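>
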Amino acid sequence: FSDEDISQKDVHIQFVQAGEGGVDGDSASITVAAAVISALEDVPVRQDLAMTGSLSVRGDVLPVGGVTHKIEAAAKSGLDTVIIPKANEQDVMIEDEYKEQIEIVPVSHISEVLDVALAGEPEKDSLIDRLKNITGSALEQREVGGTGSPSPQ
13 FSDEDISQKD VHIQFVQAGE GGVDGDSASI TVAAAVISAL EDVPVRQDLA
63 MTGSLSVRGD VLPVGGVTHK IEAAAKSGLD TVIIPKANEQ DVMIEDEYKE
113 QIEIVPVSHI SEVLDVALAG EPEKDSLIDR LKNITGSALE QREVGGTGSP
163 SPQ
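Residue numbers for the sequence shown follow this note's numbering, beginning at 13 and rising by one.
1. Distance, Cα to Cα, residue 126 vs residue 117?
2. From the DSSP output, in three-state form, read off residue 48 for me.
3. Which residues mark the beginning and the end of the alpha helix (DSSP H) in which residue 83 is found?
4. Would you list, in sequence order, the uninterrupted beta strand (DSSP E) runs of no fewer than 3 residues that lie entirely inside the region 59-136?
5. If distances are taken between C-alpha atoms only, which option among 44, 56, 87 comes closest to residue 131?
6. Considering only the alpha carbon of each residue, which of 103, 59, 88, 72 lies closest to residue 79?
7. Counting only the same chain and skipping the five closest in sequence on each side, list residues whose C-beta sits under 6 Å from that of residue 50.
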C-alpha cells in the first residue's frame with residue numbers, strides 16, 4: 013500500500029537472539045510488520061512500547077504463547093504499553109505489581125497495531141486510512157460479525 017515503488021529496496025531482518033530465550037516462532041510478526049511499514053513509510057514507531065502477535069496474510073493478529081511473561085518483561089524493562097492479540101486477552105494473569113505499570117492493548121488487526129504503535133499523527137492517520145481501504149472488506153466482516161475475527165469465505 014506504499015505510494016512508492018519498493019521493488020528496488022532491500023529489507024533485511026535479523027534476530028540476534030533467535031531461539032532459547034530470544035525470538036521463537038512467529039510471535040514477532042506484528043513487530044516486524046510494524047517496523048518494515050515504519051521504515052518504508054517514514055513514520056516512526058513509538059519507543060515506549062512492546063508488542064507480540066502472529067500476523068495472517070489478511071492482516072489479522074493471531075494468538076501467541078507466553079503473553080503473560082512478555083507483558084511482565086515489558087513492564088520490568090520500563091515500557092509503558094504492550095500490544096497483544098485480542099485472542100490472548102483472557103490468558104493474561106499478571107502479578108499485581110505490574111498491573112499499574114503497564115497498559116495492555118488487545119488488537120485484532122494490523123491497522124490497530126499501527127494506530128497504537130506509530131507516532132506522527134497526520135502521517136499515521138493517512139497510512140492507516142490507506143491500509144483500511146485495502147483491507148476494508150475483512151475489517152467490515154469483523155465489525156458486522158462482532159467476533160473479533162473475519163467470517164469464513
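Glycine included, C-beta positions come from ideal geometry on N, C-alpha and C. In this text, all values refer to a predicted model and were calculated from it rather than measured experimentally.
Reading it off the structure:
1. Here residue 126 refers to the residue found at position 114 of the sequence shown. Here residue 117 refers to the residue found at position 105 of the sequence shown. Distance between the alpha carbons of residue 126 and residue 117: 12 Å.
2. To locate residue 48, count along the sequence shown from 1; it is residue 36. Here residue 48 sits in helix by DSSP.
3. For the purposes of this step, residue 83 is taken as residue 71 along the sequence shown, with counting starting at 1. Per DSSP, the continuous alpha helix (DSSP H) segment holding residue 83 begins and ends at 79-88.
4. List check, beta strand (DSSP E) in window: 61-63, 93-97, 115-119.
5. Here the question's residue 131 lines up with position 119 in the sequence shown. Cα-wise, what sits closest to residue 131 is 56.
6. Taking the sequence shown and counting its residues from 1, one reaches residue 79 at position 67. Out of 103, 59, 88, 72, 103 has the C-alpha closest to the C-alpha of residue 79.
7. Reading the sequence shown from its first residue, position 38 is the one you call residue 50. Sequence-distant Cβ neighbours of residue 50 in its own chain, meaning closer than 6 Å and more than five residues away, are 57.
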